[in-house]
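First comes the structure, then the notes that go with it.
Residue numbers (this note's numbering): 7 to 393.
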């Protein structure tokens, strides 16, 4: 008879796979598929066509539509340069906490979800349950959309998705979306004493960065919409985190590279913000080319993640509230895969164990109490599925 692992044992196994986003996650997916298979659960995979990464998803219970979907991601952020006091890829318990990369974000939830799927298979639930584990969430939620499409091709469509990002087991019903554009300003080099005959990529890039400052100031001063007012800050933000460019202090810069990132409230149009930025880029580019025709600005989309809009009488929210008893209103400014499920026609909510403040940190941890609370939630979910 196949060995049934505890949620902690499953988390310990998942943490042992160093699935940093730059590396493959396939050994972890292999293990999940084998473990589910040992317990009579058929799983399916989506293989990324351009890199060695896979999503895995599965269904237990009646082969009908309307499943509750437990959604997580398998990738984690790097540990490079972080002052860890223990091996990041080994779960260590001390002071009432489980330490390890991904314990909080979000292999702790993944472990609980895998345990629940196997338990649901054993109980013979009346309402179906699905598991969906993606990849590349940490680099812009790029792995979820093809996974969701692949799921719907082989499984009965679920109706309510619980995305287990750390929320201290609160029902998060809204989050901001995000989009980012790699921006390469290509200037024309001359000696800075005759800078009027050249084009400084750095100085022209600075104009775009100042455009972001101006938009932020305008948004801060404006009256927020009803939905925007729920967030902190209550408006869409524009941000540039790093800038690289230039050759020497006395040469107009040939190149300037940065990423213009937006975190937009669900009531704002991502397309409107994109169009506004592109229009400013083309305006500045035209002025650059009036001096040197070869100067230009090149844009590449880096990521695009939709926001999660609070739902009126949302099924996923109702399920979570029925189990947790949480009746508070919670929204967050970070993005998750919940908005992508919502865009695909699912009801979606974010609810998972752990504190987002611990995500990506050195000595990342989830408290033992929160992990147990997550287990308690899953037991409540199983009861609601019937069996």
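Cβ atoms here follow ideal geometry from the backbone N, Cα and C, with glycine treated the same way.
Contact check, residue i vs residue j, beta carbons under 8 angstroms
| i | j | result |
| --- | --- | --- |
| residue 85 | residue 64 | no |
| residue 177 | residue 336 | yes |
| residue 170 | residue 358 | yes |
| residue 261 | residue 251 | yes |
| residue 214 | residue 253 | no |
| residue 360 | residue 376 | yes |
| residue 393 | residue 131 | yes |
| residue 110 | residue 383 | no |
Own chain partners of residue i with C-beta closer than 8 angstroms, once the 5 adjacent residues on each side are dropped
| i | result |
| --- | --- |
| residue 257 | 195, 196, 197 and 198 |
| residue 144 | 27, 79, 81, 82 and 83 |
| residue 162 | 65, 69, 70, 71, 72, 73 and 134 |
| residue 290 | 210, 213, 214 and 303 |
Which of helix, strand or coil DSSP assigns to residue i
| i | result |
| --- | --- |
| residue 183 | strand |
| residue 309 | strand |
| residue 100 | strand |
| residue 386 | helix |
| residue 194 | strand |
| residue 414 | Coverage of the chain is limited to positions 7 through 393, which leaves residue 414 absent and any answer about it impossible. |
| residue 365 | coil |
| residue 166 | strand |
| residue 235 | helix |
Neighbourhood of residue i by C-beta distance below 6 angstroms, restricted to the same chain and skipping five residues each side
| i | result |
| --- | --- |
| residue 150 | 140, 343 and 346 |
| residue 35 | 60 and 62 |
| residue 6 | Residue 6 lies beyond the range of the chain shown here (7 to 393); nothing can be said about it. |
| residue 366 | 83 |
Residues sharing a beta bridge with residue i, DSSP
| i | result |
| --- | --- |
| residue 321 | Its beta-bridge partners do not exist; DSSP assigns none. |
| residue 244 | 268 |
| residue 293 | Looking at the DSSP assignment, residue 293 forms no beta bridge with any residue, so it has no partner. |
| residue 52 | 61 |
| residue 137 | 64 and 76 |
| residue 262 | 191 and 251 |
| residue 336 | 178 |
Buried or exposed (CB count within 10 angstroms, at least 16 for buried), residue i
| i | result |
| --- | --- |
| residue 59 | buried |
| residue 17 | buried |
| residue 20 | buried |
| residue 219 | exposed |
Neighbour flag for residue i against chain B, beta carbons, 8 angstroms
| i | result |
| --- | --- |
| residue 304 | The chain labelled as chain B is not found in the depicted structure, where only one protein chain is given. |
Beta-carbon proximity list for residue i, same chain, < 7 angstroms, skipping 5 on both sides
| i | result |
| --- | --- |
| residue 127 | 45, 46, 47 and 66 |
| residue 369 | 90, 91 and 105 |
| residue 259 | 193, 206, 207, 208, 251, 252 and 253 |
| residue 225 | 241 and 242 |
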